[in-house]
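Chemist: The sequence shown: position 191 = 284 (the numbering used here), numbered continuously. In this text, a Cβ means the ideal position worked out from N, Cα and C, and glycines have one as well.
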Amino acid sequence: MATLLTIHPVDPQPRLVAQVAQALRDGGLVALPTDACYALAALLGNQQAKERIRQIRHLDARHHYTLMCHDFAQLGQLVRLGNAAFRSVKAATPGPYTFILPATREVPRRLQHERKRTVGVRIPDHRVAQAILAEVGEPLLTSSLLLPGDPEPLATGEDVQDALGAVVDVIVDGDTSGCEPTTVVDLSAGVPEVVRAGAGDPSRFRWAGVD
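(1) Run through the DSSP bridge pairs and tell me what Phe192 is partnered with.
(2) Alpha carbon to alpha carbon, how far is Leu168 from Gln254? Give it in angstroms, no decimals.
(3) Cutting at 7 Å between CB atoms, please list the residues of its own chain near Pro285, excluding the five before and the five after it.
(4) Going by C-alpha distance, which of Ala132, His219 and Ala248 is nearest Val103?
(5) Among all the DSSP beta bridges, which residues are the ones paired with Leu233?
(6) Would you report the Cα separation of Ala222 and Arg208, rounded to the nearest angstrom?
(7) Pop quiz: Leu160 and Pro232 are said to be a contact at Cβ under 8 Å. What is the actual Cβ separation, rounded to whole angstroms?
(8) Inspect the CB distances between the region 105-125 and the region 190-198 and report whether three or more fall short of 8 Å.
(9) Secondary structure at Val221, three-state DSSP: helix, strand or coil?
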């Protein structure tokens, strides 16, 4: 059964944050709150995490995951940013946006788009998620916690405990900012295109017409 940790949304307790970070280092799969909705998270080097997430969410092999970063410097190590992309990402982060960009060699090939060699990255505007990222000291592999057949992602720690208590290792009970996934913006071609409207305001970017 998963360990349920209640972490203060404004002043995260260092002891509990360290406990989450250690669970991640030990190869655990963690459900944590973000500025969009709950997400499943693991270390990038966790070879089993991608498959565990895929099984929980019933995803196909082509599903793309998001790398959640603590800050812009960390994000810049994972993706290549031209001047226009830099300005777009800088203006919208931290926040509930995921940006698709060309991946650097720091990103394992198994996490890149098979053909385009891109990856989704984001910086959350959420104190608990930020505290965990700072304690871990590296990006996290994440996926929005939207279960098969559910119209919306899970939004509370109790909901996650009821649904996934037997299949994840740690559940962080801390406020989310809503129950929508991030807004996804593709910057890989140099022109911003919104490919999914979500928690972030998509009006600042060009709409690609894909739900």
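Modeler: Put simply:
(1) Looking at the DSSP assignment, Phe192 forms a beta bridge with Val214 and Val278.
(2) Each residue's Cα considered, the two are about 30 Å apart.
(3) For Pro285, where only same-chain residues beyond five positions count, the Cβ hits under 7 Å are Ser181, Val278, Phe298 and Arg299.
(4) Between Val103 and the set Ala132, His219 and Ala248, the nearest pair of CA atoms involves His219.
(5) Paired residues: Leu136 and Met161.
(6) Distance between the alpha carbons of Ala222 and Arg208 is about 31 Å.
(7) In this structure, Leu160 and Pro232 form a Cβ contact; the two beta carbons are roughly 5 Å apart against a cut-off of 8 Å.
(8) Under the Cβ criterion (8 Å, minimum of three pairs), the region 105-125 does not count as touching the region 190-198.
(9) DSSP places Val221 within a helical segment (H, G or I) once states are collapsed to three.
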